[in-house]
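Chains A and B supply the protein sequences, listed in that same order. According to the working numbering, the residues represented by the first sequence are 1 to 166, in order. According to the working numbering, the residues represented by the second sequence are 1 to 399, in order. Here a beta-carbon is modelled for each residue, glycine too, at the ideal position from N, C-alpha and C. All values derive from a computational prediction rather than experimental measurement.
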Amino acid sequence: MRIVNLLLTTTLFALLGSLSSGAQAADQGAIKLTSIAQTEVEVVAKGGKKTLKRTPAEKVVPGTEVIYTTTFENIIDKPVGHIVIDNPIPNDSEYKAGSAFGKNCEILFSVDGGKTFGHAEELKVKGNDGKSRNALPREYTNIRWTYKGQLAAKKSGEVGFRATVK
Amino acid sequence: MRFLSCHTHTNRACWLGLWVLLIASQTSWAAGTPAGTVISNLAKASYDIGGGPQIVTCSSPAGNSAADDDGVCVTGAFGALNTDFRVDNKVDLLVTEGNTLVTTVVAGQTAAVTTFSVLNEGNTTQDFALSVANLATGTANPLALPAATNDNFDGTGCTVSNIVIAVGTMGTYTALDQHINALQADSSATVTVTCNIPAAQANGSLAIISLTATARTDNAANTLGGAVTEAVNTEDNVEVVFGDSAGSDDTTGVRDAEHSARDAYYVQTATLTVTKTASVLDPQGGSVVMPTAVITYQIAVSLGAGTATGLVMTDPLPANTTYLANSISITCNAGTYAGGGACGIGTIAAPQPAAAKTDTNLDADFVDFNGTTANTITVLLGDVSAPVNFVITFKATIN
Chain A
1 MRIVNLLLTT TLFALLGSLS SGAQAADQGA IKLTSIAQTE VEVVAKGGKK TLKRTPAEKV
61 VPGTEVIYTT TFENIIDKPV GHIVIDNPIP NDSEYKAGSA FGKNCEILFS VDGGKTFGHA
121 EELKVKGNDG KSRNALPREY TNIRWTYKGQ LAAKKSGEVG FRATVK
Chain B
1 MRFLSCHTHT NRACWLGLWV LLIASQTSWA AGTPAGTVIS NLAKASYDIG GGPQIVTCSS
61 PAGNSAADDD GVCVTGAFGA LNTDFRVDNK VDLLVTEGNT LVTTVVAGQT AAVTTFSVLN
121 EGNTTQDFAL SVANLATGTA NPLALPAATN DNFDGTGCTV SNIVIAVGTM GTYTALDQHI
181 NALQADSSAT VTVTCNIPAA QANGSLAIIS LTATARTDNA ANTLGGAVTE AVNTEDNVEV
241 VFGDSAGSDD TTGVRDAEHS ARDAYYVQTA TLTVTKTASV LDPQGGSVVM PTAVITYQIA
301 VSLGAGTATG LVMTDPLPAN TTYLANSISI TCNAGTYAGG GACGIGTIAA PQPAAAKTDT
361 NLDADFVDFN GTTANTITVL LGDVSAPVNF VITFKATIN
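Here you go:
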């Protein structure tokens, strides 16, 4: 499938010509942002000790819990500030309660597609009866991490969450 | 390049397509997200350097550091690439017996029917191979009654004789197919199995059968598709992943693309016993058989096993006797009589005291003389199930 997309992209680039290539000639930023999706499998060691091993999200069926991890690395030689990471809950997936993590970050959630964010306990949605109620974790649509302070040169941080495939 | 990309931010058709896809993705699936669905994710970071203007960078699986000039994360633009994978083909199925009861049959019954349900609990349309098996002698009865009986005979010619959709959608069924075509995710089919019961099979015999369903590939034809096998998984392809539980008679148990359940045939031929006795009362109070003496006839009917439906007792009056009008009465000692039988009107349970009946044909007491059949007592007992015992009494005078 990736090969097909690659061919498609090549074709589109050719068609779009200067417009496309102009858009692609982006300036380098200061943060390198890497997102990966993984699953956990139980591995039993020789002594019978069970450990969880993370692998790329290759074997995924409905009900599988997927771990999304985003790494932000300062690749310049100056500190970077006001770092905010936004990540939507992927399609066909439900956020797993309490799974968002991020050292030295304030973590906020959204239930309206990222228009507004709030702490978990502040989020409200309209129930079937039309009345406002507290949002359930599975109703979250986006997560926002705000890094406290400055990220020093060449340093990196990691944020992420878990979501279950519906 | 990955999935779900619109290369220019002004390409309306592309964005509309994406929007439709997003709306579609809100649908919830009881059996789970369909196989092949791409689940993608794209993170966005915004930051500044030394309090300068905000810079936006969008993620990629290998790491992207390009500044996103328009601040909108779209895969394919400014180095951004979705982190994505495809949902695999979950193979999961459940076979259940049609009810929790044994199927009661009579010796010699042909094509005795029992039913099973096959539910596709996976996330893909599959074909399902079906096989019926007789279980070994001594196999314990899996169903509620009769608890003490184990398998002690085999039905013959056991086969799948019909398949109909119960919930959802399936492909075409052609008579005597031993497979289900194209059963969609979340759908269930009712599978009818028939067996012949040997002619001389004794009452109380039990034959346990199993139905095993095995998931196969939906081959888009009315034939059975090929086997499904688990393969090495990759992020971008759709592989088969078994998720089924263990059935009663699976080859290997859990996660084998197979599930099974049991049913049992229980032989229960109705055994009806009818005993008739007569006593004579002469005009002198003795028991001499002479003209004007009154004979009291008693017919005891008992059903030791099984069920009799539409049970009717008839007794022609002997020659040289005259029926004593309205002399019929019935005593119900044991059992339940359905269908408004002679022991009462509607379904009643014995014991019931002796009840006098009239001779009129087609009246509410289901008893007549010389009505249904000339010069004959007719008693309609209706539907009865063992154990049953009742006594019909009537009188006649000797000419």
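Does chain B have any CB closer than 8 Å to the CB of residue i?
i: Ala100 of chain A; result: no
i: Tyr68 of chain A; result: yes
i: Leu52 of chain A; result: no
i: Lys96 of chain A; result: no
i: Lys103 of chain A; result: no
i: Lys59 of chain A; result: yes
i: Lys155 of chain A; result: no
For residue i and residue j, what's the separation of their Cα atoms in angstroms?
i: Ile49 of chain B; j: Tyr147 of chain A; result: 14 Å
i: Leu52 of chain A; j: His259 of chain B; result: 29 Å
i: Asp263 of chain B; j: Gly304 of chain B; result: 25 Å
i: Ala31 of chain B; j: Lys90 of chain B; result: 9 Å
i: Ala133 of chain B; j: Ala62 of chain B; result: 54 Å
i: Arg216 of chain B; j: Ala261 of chain B; result: 18 Å
i: Asp236 of chain B; j: Asp84 of chain B; result: 8 Å
i: Ala45 of chain A; j: Gly253 of chain B; result: 25 Å
i: Glu121 of chain A; j: Leu42 of chain B; result: 26 Å
i: Asp282 of chain B; j: Val288 of chain B; result: 6 Å
i: Arg162 of chain A; j: Gly122 of chain B; result: 23 Å
i: Val383 of chain B; j: Arg138 of chain A; result: The question names Val, but residue 383 of chain B is Asp in the sequence shown. Going by the C-alpha atoms only, they are around 57 Å apart.
i: Ile75 of chain A; j: Ala45 of chain B; result: 14 Å
i: Asp249 of chain B; j: Ser117 of chain B; result: 15 Å
i: Thr347 of chain B; j: Asn141 of chain B; result: 31 Å
i: Gly243 of chain B; j: Phe390 of chain B; result: 57 Å
i: Ala77 of chain B; j: Thr229 of chain B; result: 38 Å
i: Asn82 of chain B; j: Leu108 of chain A; result: 22 Å
i: Gln352 of chain B; j: Cys195 of chain B; result: 40 Å
i: Ala135 of chain A; j: Asp129 of chain A; result: 14 Å
i: Val167 of chain B; j: Ala189 of chain B; result: 7 Å
i: Ala97 of chain A; j: Thr172 of chain B; result: 44 Å
Does residue i come within less than 8 Å of chain A when only Cβ atoms are used?
i: Ala231 of chain B; result: no
i: Asp48 of chain B; result: yes
i: Ile348 of chain B; result: no
i: Ser131 of chain B; result: no
i: Leu381 of chain B; result: no
i: Ala355 of chain B; result: no
i: Ala43 of chain B; result: yes
i: Ser385 of chain B; result: no
Give the interface partners of residue i over in chain B, defined as CB-CB distance under 7 Å, in chain order.
i: Thr146 of chain A; result: Within chain B, no residue comes near Thr146 of chain A; the closest Cβ sits about 10 Å away, beyond 7 Å.
Would you mind telling me which residues of chain A sit closer than 9 Å to residue i, beta carbon to beta carbon, in chain order?
i: Gly402 of chain B; result: With chain B covering 1 to 399 only, the question about residue 402 of chain B has no answer from this structure.
Tell me whether residue i, by its Cβ, gets closer than 7 Å to a heavy atom of the ligand FAD.
i: Ser287 of chain B; result: Questions concerning the ligand FAD fall outside what the structure shown contains, since it holds no ligand whatsoever.
Name the chain B residues that come within less than 8 Å of residue i, Cβ to Cβ?
i: Pro62 of chain A; result: Trp29, Ala31, Gly32, Thr33, Val87, Lys90 and Asn123
In chain A, what lies closer than 8 Å to residue i by C-beta?
i: Ser40 of chain B; result: Pro90 and Asn91
Strictly below 7 Å CB to CB, what residues from chain A border residue i?
i: Thr234 of chain B; result: Glu58
Would you mind telling me which residues of chain B sit closer than 9 Å to residue i, beta carbon to beta carbon, in chain order?
i: Met165 of chain A; result: A small correction: the amino acid at residue 165 of chain A is Val; Met does not occupy that position in the sequence shown. Chain B residues near Val165 of chain A: Gly32, Thr33, Thr37, Ile39 and Val87.
Kindly indicate if chain E contains any beta-carbon less than 8 Å away from that of residue i.
i: Glu230 of chain B; result: Chain labels in this structure do not include chain E; the protein chains are A and B.
Margin query: Can you pull out the residues from the segment 51 to 73 of chain B whose beta carbon lies closer than 9 Å to at least one beta carbon of chain A?
Written below: Going along the segment 51 to 73 of chain B in chain order, one finds Gly51, Gln54, Ile55, Val56, Thr57, Cys58, Ser59, Ser60, Pro61, Ala62, Gly63, Asn64, Ser65, Ala66, Ala67, Asp68, Asp69, Asp70 and Cys73 with a Cβ nearer than 9 Å to chain A.
Next item on the list: Name, going along the chain, the residues of the segment 242 to 266 of chain B whose beta-carbon falls closer than 8 Å to a beta-carbon of chain A.
Entry: Residues of the segment 242 to 266 of chain B whose Cβ lies closer than 8 Å to any Cβ of chain A, in chain order: Gly243.
Note to self: Beta carbons nearer than 8 Å to chain B: which residues of the segment 64 to 94 of chain A have them?
What the structure shows: Taking 8 Å as the Cβ-Cβ cut-off against chain B, the residues of the segment 64 to 94 of chain A that qualify are Val66, Tyr68, Thr70, Thr71, Phe72, Glu73, Ile75, Ile76, Lys78, Pro79, Val80, Gly81, His82, Ile83, Val84, Ile85, Asp86, Asn87, Pro88, Pro90, Asn91, Asp92 and Ser93.
Checklist line | Near-chain B residues of the segment 25 to 46 of chain A (beta-carbon distance less than 7 Å), N- to C-terminal order | finding: Those residues of the segment 25 to 46 of chain A that come within reach of chain B (Cβ to Cβ, closer than 7 Å) are Ala26, Asp27, Gln28, Gly29, Ala30, Ile31, Lys32, Leu33, Thr34, Ser35, Ile36 and Ala37.
Item checked: Runs of beta strand (DSSP E) wholly within the segment 91 to 130 of chain A (minimum 3 residues, chain order) -> DSSP runs (the beta strand (DSSP E)) wholly in the segment 91 to 130 of chain A: 93 to 95, 105 to 110 and 124 to 126.
Next item on the list: Scan the segment 76 to 102 of chain B for residues whose Cβ lies nearer than 7 Å to a Cβ of chain A and list them as they occur along the chain.
Entry: Listed by position, the residues of the segment 76 to 102 of chain B near chain A (Cβ gap below 7 Å) are Gly76, Ala77, Phe78, Gly79, Thr83, Phe85, Val87, Asp88 and Lys90.
Item checked: Length-filtered (3 minimum) beta strand (DSSP E) runs lying within the segment 128 to 175 of chain B -> Complete beta strand (DSSP E) runs here, min 3: 156 to 167.
Item checked: Inside the segment 281 to 321 of chain B only - beta strand (DSSP E) runs reaching at least 3 residues -> Counting only runs of 3 or more, we get 294 to 303 and 307 to 316.
Check: Unbroken beta strand (DSSP E) runs of length 3 or more, entirely within the segment 132 to 166 of chain A: which are they?
Finding: Those beta strand (DSSP E) runs which fall completely within the segment 132 to 166 of chain A and span 3+ residues are 132 to 134, 142 to 147 and 156 to 165.
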